[in-house]
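A.B. asks: Would you mind keeping the following structure in view while I ask a few things?
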Amino acid sequence: DWEKASKADMANIQWDPEQSIFVAKGWDDFFQQFIGMMGFTEGLCALYDEPEAVHALLDFMCDTVIDITKNVLYYYKPEAYYILDDSAAKQTPFVGREMFEEFFVPRYKRTLDLVRDAGIPVLYHNCGRCEDLLPPMVRLGVKIWDPAQVENDLVEVKNRFGRQLIINGGFEVKPQ
40 DWEKASKADM
50 ANIQWDPEQS
60 IFVAKGWDDF
70 FQQFIGMMGF
80 TEGLCALYDE
90 PEAVHALLDF
100 MCDTVIDITK
110 NVLYYYKPEA
120 YYILDDSAAK
130 QTPFVGREMF
140 EEFFVPRYKR
150 TLDLVRDAGI
160 PVLYHNCGRC
170 EDLLPPMVRL
180 GVKIWDPAQV
190 ENDLVEVKNR
200 FGRQLIINGG
210 FEVKPQ
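Just so we're aligned, residue 40 is where the sequence shown starts under the numbering used here, counting upward by one.
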């Protein structure tokens, strides 16, 4: 019961709309969910060895996410939408841009079309050196990228996208 759940959830949120915005975390973290199910080795090998099966799995995942996204947008009415899908390591993405565009971008598009059509800005979290993956994400409507780590050429990213993309971050984090 989405209506009942949203009313109960919203009643428990301590949030000042004058000070902040309400952001919904999306469930379209397709790369992380796929790798989480299969493991890095098996998942990355499956992209090469069993592309049809991977497409079918990702489509199934996406169909579920679309239903959730529609309900979150309708019942929770977020002011922004947050995708957290770490698909890069410190020095390079886990998959090349061509593979990223083939397997993951079409599923992001299906969910982000709903968000964008609702007039809600999209925030995209992707750690590591993921600048190669930004062009399709900006095309899909991503407005803010975080954490924008220094492994990326942040000046080039800013020059390339200008005011289309807000770079949130841009500093090195070195945890203990």
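All C-beta atoms, glycine included, are put in the ideal place defined by N, C-alpha and C.
1. Can you name, in chain order, every residue of its own chain whose Cβ lies under 7 Å from the Cβ of Q71, other than the five neighbours on each side?
2. Give me the Cα-Cα distance between M49 and G65, rounded to the nearest whole angstrom.
3. Just mark P90 as buried or exposed, buried being the case when its beta carbon has 16 or more other beta carbons within 10 Å.
4. For R256, is the classification buried or exposed, using 16 other Cβ atoms within 10 angstroms of its Cβ as the cut-off for buried?
5. Where does K43 sit, in a helix, a strand or coil, going by DSSP?
6. Distance check for H94 and V181, CA to CA, integer angstroms please.
7. Based on the DSSP output, what are the partners of D185 in its beta bridges?
8. When you compare the segment 158-174 with the segment 127-138, are there three or more beta-carbon pairs, one atom per stretch, that lie closer than 8 Å?
9. Using alpha carbons as the reference points, say which of L86, V189 and I206 lies closest to K197.
10. In the DSSP assignment, what residue or residues form a beta bridge with I205?
11. Which same chain residues end up closer than 6 Å to L112 when comparing Cβ atoms and leaving out the 5 residues on each side of it in sequence?
12. Going by Cα to Cα distance, which pick from L153, F142, M77 and K116 is closest to D106?
13. Could you check where the alpha helix (DSSP H) with K109 kicks off and where it finishes?
14. Could you tell me the boundaries of the alpha helix (DSSP H) in which V134 lies?
15. What residue range is occupied by the uninterrupted beta strand (DSSP E) comprising L123?
16. Name the residue from D192, V104 and E42 whose alpha carbon lies nearest to the alpha carbon of D67.
C.D. replies: So, from the listed chains and residues:
1. In the sequence shown, residue 71 corresponds to position 32, counting from 1. The residues are D124 and D125.
2. Here residue 49 refers to the residue found at position 10 when the sequence shown is read from its first residue. Here residue 65 refers to the residue found at position 26 when the sequence shown is read from its first residue. About 17 Å.
3. As a first step, residue 90 must be located in the sequence shown, where it is residue number 51. Its Cβ having fewer than 16 others within 10 Å, P90 is exposed.
4. Only positions 40 to 215 of the chain appear in this structure, which leaves residue 256 out of reach.
5. Your numbering for residue 43 matches position 4 in the sequence shown. Of the three classes helix, strand and coil, the one that applies to K43 here is helix, per DSSP.
6. Here residue 181 refers to the residue found at position 142 when the sequence shown is read from its first residue. Here residue 94 refers to the residue found at position 55 when the sequence shown is read from its first residue. So the alpha carbons of these two residues sit roughly 23 Å apart.
7. Along the sequence shown, read from residue 1 onward, the residue named residue 185 stands at position 146. H164.
8. yes
9. Mapped onto the sequence shown, residue 197 falls at position 158. Closest by alpha carbon: I206.
10. Here the question's residue 205 lines up with position 166 in the sequence shown. Looking at the DSSP assignment, I205 forms a beta bridge with I183.
11. Stepping through the sequence shown from its first residue, residue 112 is reached at position 73. Excluding residues within five positions, the ones whose Cβ falls inside 6 Å are A157.
12. Counting from one through the sequence shown, the residue named residue 106 turns up at place 67. Here the closest residue by C-alpha is L153.
13. Position 70 of the sequence shown holds residue 109. Where K109 is concerned, the enclosing alpha helix (DSSP H) stretches over P90 to N110.
14. Your numbering for residue 134 matches position 95 in the sequence shown. Taken as a continuous stretch (DSSP letters only), V134 belongs to no alpha helix (DSSP H), as it is neither H nor E.
15. Counting from one through the sequence shown, the residue named residue 123 turns up at place 84. Looking at the DSSP string, the run of the beta strand (DSSP E) that includes L123 is A119 to L123.
16. Translated into positions along the sequence shown, residue 67 becomes position 28. Of the listed residues, the one whose Cα sits closest to D67 is V104.
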